[in-house]
């Protein structure tokens, strides 16, 4: 096979390997059903966390969390972060990456209808995760405490201890305590397509073979001499 034809095939193989996109798959999920919810308050400098166990090896792509509450008169923000876990307890000070969502980008649902109100895209953070690894999602807000019944406060959907592979925690100031109820949340992991890696390796092999053969041809070497 001459160098031009081999070069063309190599470019095709390499191009296919590069253009194949990774798949973003739903990994962990805890769904709170309508009528089975409670509220965990946010604000006043406190943070809440939910530990979860990674199900698929890849790269953490996105985290979605359910929030509820009444309309707020002033602008606010909510931070959703990923933290490490030590002995099953989230380390609120060991943040791997964080995303801030502004109030204008948050749609609060009616309290009896659970909804994924905020979403954090972590693809660019390059957080590599391994199946069986435990991490924590941490939610913090600058909202001040609001007096009144539960429907007039801003909180996180929870539903007892409904998620078997993790627990929820609360840190009002410096003390960390286990909280009642797991978050309404789901996580997504980016998984590389196997065909992409295979075609990439094929492209590299083609390039090496082409370089060897072309060099041999130019040098006038015979098959025996090679």
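In my numbering, the protein residues as written are 4 to 229.
Just so it is clear, CB atoms sit at the ideal spot from N, CA and C, and this is done for glycine as well.
For this session: Pull up the distance between the alpha-carbon of residue 102 and that of residue 133, whole angstroms please.
Result: 22 Å
For this session: Go through its chain and collect everything with a Cβ distance to residue 136's Cβ below 6 Å, but skip five positions before and after it.
Result: 57
Problem set entry | Proximity to residue 41 [Cα-Cα], best of 178, 193, 165, 169 | 165
Exercise. Comparing alpha-carbon positions, which option in 187, 63, 196, 27 lies nearest residue 51?
Worked result: 187
Exercise. Alpha carbon to alpha carbon, what distance is there between residue 74 and residue 111?
Worked result: 8 Å
Exercise. What is the DSSP secondary structure of residue 50, counted as helix, strand or coil?
Worked result: strand
Exercise. Counting along the chain, where does the beta strand (DSSP E) carrying residue 144 start and finish?
Worked result: 137-144
Problem set entry | Outcome for residue 200 when other beta-carbon atoms lying within 10 angstroms are tallied against a minimum of 16 | Low per-residue confidence applies at residue 200: pLDDT is 47, beneath 50, and the placement is therefore not dependable, though the value from the model is reported in the following sentence. Residue 200 comes out exposed.
Exercise. Roughly how many angstroms separate the alpha carbons of residue 194 and residue 63, rounded to a whole number?
Worked result: 9 Å
Exercise. Going along the chain, which residues of its own chain have a beta-carbon closer than 6 Å to the beta-carbon of residue 97, five neighbours each way excluded?
Worked result: 86, 87
Exercise. Whose C-beta lies closer than 8 Å to the C-beta of residue 91 among residues of the same chain, with five residues either side of it excluded?
Worked result: 54, 137, 170
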